[in-house]
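Enquirer:
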Amino acid sequence: MMKIVKQISLALLLLTLFAACNNNAADKKKVKSRVVKGLYSFGPEIRSFTDCDEAREYWVVDSANTLELAYSNMNFEKPYEPVYIEVECKMVKSDSLSVTADYDSTMVVTKLLKITKEIPDGPCNQ
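With mature numbering (1 follows the signal peptide of the UniProt record, and there is no 0) applied, the sequence shown corresponds to residues -25 to -1, 1 to 101, in that order.
Below you can see the structure in the form of structure tokens.
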């Protein structure tokens, strides 16, 4: 009987340690959301964003499907016309085996805050 109690206690201890380790790993995988401002271009082959402050270029994934719709509703005659956007997003590592490998990272848009054809004065308008 004592042997069974020890085995159960050991199993519970190991299970607790395993669960604690998994929680720490999950916390490390969480990517913080942030607001970025810059130029967005959209077309059949490219969805790119240039951060005006850092001059970095990102591949764009529109998780909420609001950015692409808002861009399309602007009725440009040609694709890839840049617009100024402010979005809430998360940055993730780009896939090295796809078109996104040419970009600094992949920007996953979670919320569209602003989109306009008018590019404000400053680093975006150079």
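Note that CB positions come from ideal geometry on N, CA and C, so glycine has one too.
Quick check: the Cα distance between P19 and N100, rounded to an integer number of angstroms?
Expert: Here the alpha carbon of P19 sits roughly 24 Å from the alpha carbon of N100.
Enquirer: Quick check: the region 25 to 35 against the region 65 to 82, are at least 3 beta-carbon pairs closer than 8 Å?
Expert: yes
Enquirer: On the DSSP letters alone, give me the boundaries of the alpha helix (DSSP H) that A16 sits inside.
Expert: The sequence given here has Ser at residue 16, not Ala. Taken as a continuous stretch (DSSP letters only), S16 belongs to no alpha helix (DSSP H), being part of the beta strand (DSSP E) at R9 to F17.
Enquirer: Could you check the C-alpha separation between T75 and R22 for me, to the nearest Å?
Expert: 10 Å
Enquirer: Whose C-beta lies closer than 8 Å to the C-beta of P98 among residues of the same chain, with five residues either side of it excluded?
Expert: Within the same chain, P98 has close Cβ partners C27, D28 and A30.
Enquirer: Tell me whether the beta-carbon of Y59 lies closer than 9 Å to the beta-carbon of S16.
Expert: no
Enquirer: Is F51 buried or exposed, if buried means 16 or more other CB atoms sit within 10 Å of its CB?
Expert: exposed
Enquirer: Please go through the region 43 to 76 and give each complete beta strand (DSSP E) segment of 3 or more residues, from N-terminal end onward.
Expert: As for any beta strand (DSSP E) of minimum length 3 sitting wholly inside the region 43 to 76, the runs are 58 to 67, ordered along the chain.
Enquirer: Does the beta-carbon of V10 have 16 or more other beta-carbons within 10 angstroms, so that it is buried, or is it exposed?
Expert: That one is exposed.
Enquirer: Take E63 as the anchor and find which of L87, L42 and N48 has the nearest alpha-carbon.
Expert: L87
Enquirer: Determine the closest residue to K7 out of M66, L14 and F24, with distance taken between C-alpha atoms.
Expert: M66
Enquirer: With distances taken between CB atoms, is the gap from M49 to K92 smaller than 9 Å?
Expert: Yes. Within cutoff.
Enquirer: Among the residues of its own chain, which have a CB less than 7 Å from the CB of T85, if the five just before and after it don't count?
Expert: S8, S38, A39, E63, C64 and K65
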